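Going line by line, the protein sequences match chains A and B. So the first sequence is numbered by the numbering used here: it starts at 39 and just counts up by one. So the second sequence is numbered by the numbering used here: it starts at 39 and just counts up by one. The structure under discussion appears below in the form of structure tokens.
Protein chains: 2
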Amino acid sequence: MIPNDLPNDRYRVKSLERALDVIDALSKAGPDGMSVSEIANALKMSKSATFSTLQTLLSRRFLADKGVGATRRYRLGMAFARLGDQVVSETALRDLAMPVLRRLTAETGLTARAAILDDGYAISVGKVDGPGTIRIAQYLGRRELPHATGVGKAILAALPQESVRQIAETNGLPLRTPNTIGDIESLLTELERIYERGYAVDDEEDTLGVLCIGANVFEHGGNCAGAISITGLKQEIRADSVAEFGAIVRRHADELSQELGGPTHEETRKSRD
Amino acid sequence: MIPNDLPNDRYRVKSLERALDVIDALSKAGPDGMSVSEIANALKMSKSATFSTLQTLLSRRFLADKGVGATRRYRLGMAFARLGDQVVSETALRDLAMPVLRRLTAETGLTARAAILDDGYAISVGKVDGPGTIRIAQYLGRRELPHATGVGKAILAALPQESVRQIAETNGLPLRTPNTIGDIESLLTELERIYERGYAVDDEEDTLGVLCIGANVFEHGGNCAGAISITGLKQEIRADSVAEFGAIVRRHADELSQELGGPTHEETRKSRD
DNA sequence: CTTCTGCGTTCGGAACTACCGAACGCTATG
DNA sequence: CATAGCGTTCGGTAGTTCCGAACGCAGAAG
């Protein structure tokens, strides 16, 4: 299911891996959760082993249970809510990005957010809503497809082709809308264009009616730390102002890069051989 | 550290419990994380057992590592961000609460949110921002102190004194501002007043300049499912309109209670012997 | 430059624990 | 009333996890 990055299977705790399998399974289940038997069958574990694992996670509030006796069901507990919030709050990019996002929102009137790449997905770590009444649902911590969003494409544009190909192979390139880029070659061409002009445009590629403009941020050492973006309804962004907004996002991203001790977009372009 | 609710120690997976200890330890550490030795010393585990646990969590992206060789450090990974978002999104109260929160925001012009009590903390599971330009940072999933917030006090008011005392003993009653209620007897008196009038007022008790009005929500069976609240800057809420807002929040909370199949506040008061 | 300390990582073997499969009590259903 | 299926309990064993020591390496100290 998940590829083994590490060659040494020896240094893995099997009973812990099973517990993580249980958590994964429950995360894919609905709000109603799963019963002991359902989990045991799905993961091909014995009922008793599954039961012990569930009891352990339950006693530490990593799971919650509902019902008793023959109808007892387990689902993910609030411990994850706390830990998830903590992880997002502690991301290095976040603290420095928040003031920049506020300025970006003030300047453009659009919702601004910051995201990082993790495990092949773009993950929002901070956002500032725009004053507009209609808002796009963008929860923190949510995993988004990098090939279909402004932040995602901006981050991919800073990666070597190899890495992009690998991510595309692992996650695929699902078509979210008719505008989504669905094949790897077109994506690489698009990433090259993004690299040249310094910002990415998601023109209804993830959600119809929504336009998003992102630019990548670099940390000390020149690695891409993530990206920031502005998001708005397509109808409220004039086509001829996209380039203007792109330049604004690029400028703020460069500011953020320098705060992180990294190079600006212009500097990375010059150092590219 | 965490009290054992279950009498049967037999059905616990020890190696999993240690992994959860590691996660807890890392959640208390800063963004820089901890090294293998630090964790091993803190939890009185051997370095090799700690190492195996870390490798397992790492291979499943539950942890992230930074640095190599002698300076390698571990911190919580983005898997928690995803799971946390999922848990919050799937909370039973949330689905029914969101439309109510939207109505509440439309009616009052203030930010509305819903929270539940879990493990002695108030946890936000849904929110709708008001149209005002200045917004109070209220992230979903964040743990807040129940004695210092509108939602928190509203929930506590529905609990037996015993439970409130226990929560106060476990978490303490930290003074967030000069207005925070810091001793248990004053808190119990305040909760009685909240119970009588049906809504809780947090008057700069958590954050200076911020006022919050909350009311509890009951589910089928009469248990308190959580609370909803409105939040605004104190300067934008006239003192003589607090009672009016309180009645509005109470009314929407009762609507929500009935949707959940629970009693209204008035009904619980009548049934109290 | 050398020594030394402390780090993360590796490894063999002993001890234990986590698992299996069967059995129990229970609820709901036919 | 019988039955099927659920969650939970339990004894014994096989396999796992853990310990302690050792290794290679990096940076600090001399």
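Where is the CB? At the ideal position from N, CA and C, for every residue including glycine. Here the structure is a predicted model, which means the values were calculated and not measured.
| said: Can you tell me where the alpha helix (DSSP H) holding threonine 109 of chain B begins and where it ends? | reply: Run containing threonine 109 of chain B: none; DSSP gives neither H nor E here.
| Buried or exposed: where does leucine 54 of chain B fall if 16 or more other Cβ atoms within 10 Å of its Cβ makes it buried? | buried
| Three-state class that DSSP yields for threonine 269 of chain A in the structure shown | strand
| task | Classify isoleucine 219 of chain B as helix, strand or coil using the three-state DSSP reduction. | result | coil
| DSSP three-state call for lysine 191 of chain A: helix, strand or coil? | helix
| said: On the criterion of 16 or more Cβ atoms from any shown chain inside 10 Å, does glycine 107 of chain B qualify as buried, or is it exposed? | reply: exposed
| Neighbour flag for methionine 116 of chain A against chain B, beta carbons, 8 Å | yes
| Using a C-beta cutoff of 8 Å, does proline 69 of chain A count as contacting chain B? | yes
| Just reading off the alpha helix (DSSP H) that leucine 298 of chain A is part of, what are its end residues? | Where leucine 298 of chain A is concerned, there is no enclosing alpha helix (DSSP H), given that its DSSP letter is neither H nor E.
| Who are the Cβ neighbours of glutamine 124 of chain B in its own chain at under 8 Å, not counting the five residues just before and after it? | none
| With DSSP run on the structure shown, which of helix, strand or coil describes glycine 264 of chain A? | strand
| request: Starting from phenylalanine 118 of chain B, trace the alpha helix (DSSP H) both ways and give me its first and last residue. | output: Phenylalanine 118 of chain B: member of the alpha helix (DSSP H) spanning 117-127, first to last residue.
| query | Which residues in chain B sit within 7 Å of tyrosine 49 of chain A, going by Cβ to Cβ distance? | reply | Phe89, Ser90 and Gln93
| query | If you pair each beta-carbon of the segment 49-63 of chain A with each one of the segment 80-96 of chain B, do three or more pairs fall below 8 Å? | reply | yes
| isoleucine 161 of chain B in three-state terms, based on DSSP | strand
| In whole angstroms, what separates the C-alpha of serine 84 of chain B from that of alanine 119 of chain B? | When the Cα atoms are used, serine 84 of chain B and alanine 119 of chain B turn out to be separated by approximately 29 Å.
| said: Could you tell me the alpha carbon to alpha carbon distance between serine 295 of chain A and methionine 72 of chain B, rounded to whole angstroms? | reply: 26 Å
| task | Please confirm if isoleucine 161 of chain B has its CB atom under 8 Å from at least one CB of chain A. | result | It does; some Cβ of chain A falls within 8 Å.
| Comparing the C-beta of valine 125 of chain A with each C-beta of chain B, is any distance below 8 Å? | At least one CB of chain B lies nearer than 8 Å to the CB of valine 125 of chain A.
| query | For a contact meaning CB atoms closer than 7 Å, what does glycine 190 of chain A contact in chain B? | reply | The premise fails here: glycine 190 of chain A is roughly 14 Å from chain B at the closest Cβ pair, so nothing lies under 7 Å.
| When B:Leu271, B:Ile275 and B:Phe256 are compared against alanine 307 of chain B, the one with the closest alpha-carbon | It is worth fixing the name first, because residue 307 of chain B is arginine in this sequence and not alanine. Considering only alpha carbons, the answer is B:Phe256.
| said: Measuring straight from C-alpha to C-alpha, what distance separates asparagine 209 of chain B and proline 184 of chain B? | reply: 10 Å
| Distance, aspartate 278 of chain A Cα to leucine 101 of chain B Cα | 44 Å
| said: Once DSSP output is grouped into helix, strand and coil, what is the label at threonine 354 of chain A? | reply: No statement about residue 354 of chain A is possible, as the shown extent of chain A runs from 39 to 311 and does not include it.
| Can you tell me whether DSSP reads glutamate 257 of chain A as helix, strand or coil? | strand
| message | Helix, strand or coil for alanine 57 of chain B? Go by DSSP, reduced to three states. | response | helix
| said: If you reduce the DSSP assignment to three classes, tell me which class methionine 72 of chain A lands in. | reply: Reduced to three states, the DSSP call for methionine 72 of chain A is strand.
| field | Contact the segment 228-242 of chain A vs the segment 129-144 of chain A: 3+ CB pairs below 8 Å | value | no
| message | Residues in the same chain with beta-carbon distance under 6 Å from alanine 196 of chain B, minus the five sequence neighbours each way, listed in chain order, please. | response | Asn254 and Cys262
| Proximal chain A residues relative to phenylalanine 100 of chain B, where beta-carbon distance stays under 8 Å | Leu58
| message | Could you check whether alanine 238 of chain A and glycine 164 of chain A sit closer than 8 Å to each other, using their CB atoms as the reference points? | response | no
| task | Count the other CB atoms, across all protein chains shown, that sit within 10 Å of the CB of alanine 192 of chain A; report buried if there are 16 or more and exposed otherwise. | result | Buried.
| Which residue's Cα is closest to the Cα of arginine 181 of chain A: A:Gly158, A:Gln199 and A:Arg110? | A:Gly158
| field | Distance between aspartate 167 of chain A and serine 224 of chain B (C-alpha atoms, nearest Å) | value | 38 Å
| Mind checking if glutamate 128 of chain A is an interface residue toward chain B, Cβ cutoff 8 Å exclusive? | yes
| What residues of chain A sit near glutamate 55 of chain B, judged by a beta carbon separation below 7 Å? | Thr94
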